[in-house]
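Heads up: the structure comes next, in C-alpha cells.
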Amino acid sequence: MTEVTKSDSQGEAKAEAKSRTVTGRVVSDKMDKTISVMISRVVKHPLYGKYMRRSTKVLVHDEQNTCHAGDFVSITECRPFSKRKAWQLVEVLERAEAQ
Numbered sequence: 052m053t054e055v056t057k058s059d060s061q062g063e064a065k066a067e068a069k070s071r072t073v074t075g076r077v078v079s080d081k082m083d084k085t086i087s088v089m090i091s092r093v094v095k096h097p098l099y100g101k102y103m104r105r106s107t108k109v110l111v112h113d114e115q116n117t118c119h120a121g122d123f124v125s126i127t128e129c130r131p132f133s134k135r136k137a138w139q140l141v142e143v144l145e146r147a148e149a150q
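Right under this line is the structure:
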C-alpha cells in the first residue's frame, strides 16, 4: 500500500515539474480571453558558435482580459484550451506605456 502512495506522490511531483513558466511580450489582445505572446530565447549555432535570437509566438488564455499589447507577462503551460491554446497567464510583470 505504501509503495502505491509513493508512486502516486512521485507522479504528482513530476506533473508539477513538467509545467514550464516563461516570460514574453504581448503582441496582440484582439481576441476574447486570448492573447498572443512572443517568447524570445537565445540559442547557440551548432557549427559556428554564434548566439542567435529565436522567437516563438503562442496563444495564451487570459480569463479576465487584463493584458494589452506591449505588456511583459509571465505564462505557464497547462492543459489545452483549444487546438492552438495550451498556455495560461500567471501575472503581468510590466504594463505597457499608455500612448
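Residue numbers are given in the numbering used here: position 45 of the sequence shown equals residue 96, and the series is strictly consecutive. The beta carbon of each residue, even a glycine, is placed where N, CA and C say it ideally should be. All values derive from a computational prediction rather than experimental measurement.
Inset, instruction - Specify the secondary structure class of Arg76 as computed by DSSP and reduced to three states. - result: strand
Inset, instruction - For Met52, count neighbouring C-beta atoms within 10 Å of its own C-beta (all shown protein chains included) and say buried if the count is 16 or more, exposed if not. - result: Its pLDDT being 48, under 50, Met52 is placed unreliably by the model, and nothing is read from it.
Inset, instruction - Hey, could you find the ends of the beta strand (DSSP E) Gln139 is sitting in? - result: 136 to 145
Inset, instruction - Would you kindly report the start and end of the unbroken beta strand (DSSP E) that includes Glu148? - result: From DSSP, Glu148 is part of no beta strand (DSSP E); its letter is neither H nor E.
Inset, instruction - Specify, as a first and last residue, the run of the beta strand (DSSP E) that Lys108 falls within. - result: 102 to 112
Legend entry - For Glu145 and Glu113, believed in contact at Cβ under 8 Å, the rounded distance: Note that residue 113 is Asp in the sequence shown here, rather than Glu. Asp113 to Glu145, Cβ: 16 Å. No contact.
Inset, instruction - Take His96 and list the residues in its own chain whose beta-carbon comes closer than 7 Å to its own, dropping the five residues that flank it on each side. - result: Met103
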